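When we follow my numbering, the leftmost residue of the sequence shown carries the number 10, and every step to the right adds one. From the three backbone atoms N, C-alpha and C, an ideal C-beta is built for every residue, glycine too. From a predicted model like this one, the values you see are computed outputs, not experimental measurements. What follows is a short report on a single structure.
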Amino acid sequence: NNYHRFLNSFILDAQKEHLIERNPYDSVNIEHGDDSDGIEKYLTPEEFAKLRKAEMDSDRLEKVHDLFVFQCYTCLSYTDLKDFNAKKIQEKDGKRFYFGLRGKTKIDFTIPILKEAQAILDKYKGKLPIISNVKYNKYIKEVVALAGIDKPVTTHWARHTGATLLLNAGVPMQTVSKVCGHSSIKMTEKIYAKLLPETVVAVV
Numbered sequence: 010n011n012y013h014r015f016l017n018s019f020i021l022d023a024q025k026e027h028l029i030e031r032n033p034y035d036s037v038n039i040e041h042g043d044d045s046d047g048i049e050k051y052l053t054p055e056e057f058a059k060l061r062k063a064e065m066d067s068d069r070l071e072k073v074h075d076l077f078v079f080q081c082y083t084c085l086s087y088t089d090l091k092d093f094n095a096k097k098i099q100e101k102d103g104k105r106f107y108f109g110l111r112g113k114t115k116i117d118f119t120i121p122i123l124k125e126a127q128a129i130l131d132k133y134k135g136k137l138p139i140i141s142n143v144k145y146n147k148y149i150k151e152v153v154a155l156a157g158i159d160k161p162v163t164t165h166w167a168r169h170t171g172a173t174l175l176l177n178a179g180v181p182m183q184t185v186s187k188v189c190g191h192s193s194i195k196m197t198e199k200i201y202a203k204l205l206p207e208t209v210v211a212v213v
């Protein structure tokens with residue numbers, strides 16, 4: 010849908026410049042699609058383990074690898090990763106949590122900072138090595154190739170991977186919904202209910 014909207018903007022410009030007479034999109038209805046279309050875009054627990062342990066051959070890829078692993082452990086989108094501020098981490102009952110609002114929807118989320126995520130924060134002294142989304146998406150393909158994974162991974166896969174890892178570990182859907190900053194548990198169910206049937210059925 011987004012690709013077609015983008016292309017349509019050029020066609021509208023072409024019409025204004027009298028380069029074409031009619032817009033073919035006038036007779037075509039491009040539906041937005043279902044959020045569940047993206048449910049295949051995640052790494053399995055086995056694939057994530059391979060990626061997490063994979064050795065990188067450059068400092069550049071090591072940083073990208075660490076960013077992606079951090080995203081998987083926090084379920085942060087790229088926008089929220091870019092705005093991540095370690096100073097907002099709070100400690101409650103001996104555990105560390107990160108509270109914030111999703112940049113996209115302004116819905117609040119609560120993320121437990123697991124020891125694996127904390128280790129990455131410690132490695133970079135609390136300041137993640139953020140790069141542009143374009144470069145990130147380009148370099149992550151090199152990272153997964155070094156890990157021996159043959160999938161067209163992008164930065165958004167980390168968010169889906171993180172959520173499925175939580176569900177696979179038996180974390181209730183309602184908790185995953187809060188971590189992801191979804192507007193309702195129904196949205197979480199809609200996106201992830203088909204991902205790991207044997208696990209999700211047990212917790213829904």
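Check whether the Cβ of residue i lies closer than 8 Å to any Cβ atom in chain D.
| i | result |
| --- | --- |
| residue 130 | This model lacks chain D altogether, as it is built from one protein chain only. |
Go ahead and label residue i buried or exposed: buried means 16 or more other beta carbons lie within 10 angstroms of its beta carbon, across all protein chains shown.
| i | result |
| --- | --- |
| residue 157 | exposed |
| residue 99 | exposed |
| residue 18 | exposed |
| residue 16 | exposed |
| residue 191 | buried |
| residue 171 | buried |
| residue 102 | exposed |
| residue 76 | buried |
| residue 14 | exposed |
Which value, in whole angstroms, describes the spacing of the CA atoms of residue i and residue j?
| i | j | result |
| --- | --- | --- |
| residue 87 | residue 38 | 30 Å |
| residue 138 | residue 177 | 29 Å |
| residue 135 | residue 96 | 8 Å |
| residue 59 | residue 187 | 27 Å |
| residue 143 | residue 127 | 26 Å |
| residue 89 | residue 111 | 6 Å |
| residue 149 | residue 74 | 7 Å |
| residue 159 | residue 56 | 10 Å |
| residue 27 | residue 12 | 23 Å |
| residue 166 | residue 85 | 10 Å |
Take residue i and list the residues in its own chain whose beta-carbon comes closer than 7 Å to its own, dropping the five residues that flank it on each side.
| i | result |
| --- | --- |
| residue 183 | 194 |
| residue 122 | 98, 105, 106, 107 |
| residue 129 | 75, 78, 79 |
| residue 197 | 182, 185, 186, 189, 191 |
With a threshold of 8 Å on Cβ separation, who are the neighbours of residue i within its own chain once the five nearest residues in sequence on each side are excluded?
| i | result |
| --- | --- |
| residue 66 | 155 |
| residue 29 | 20, 23 |
When you measure from the CB of residue i to every non-hydrogen atom of the ligand HEM, does any distance come out below 7 Å?
| i | result |
| --- | --- |
| residue 59 | No copy of the ligand HEM appears in this structure; indeed no ligand is present at all. |
Looking only at its chain, what residues have a beta carbon closer than 6 Å to the beta carbon of residue i, apart from the 5 residues adjacent to it on each side?
| i | result |
| --- | --- |
| residue 180 | none |
| residue 20 | 32 |
| residue 125 | 82 |
**Report entry** Whole beta strand (DSSP E) elements within the stretch 115–166, 3-residue minimum
**Finding:** 117–121
Report task. Mind listing, in chain order, the continuous beta strand (DSSP E) runs of no fewer than 3 residues lying wholly within the stretch 89–113? Result -> 98–101, 104–110
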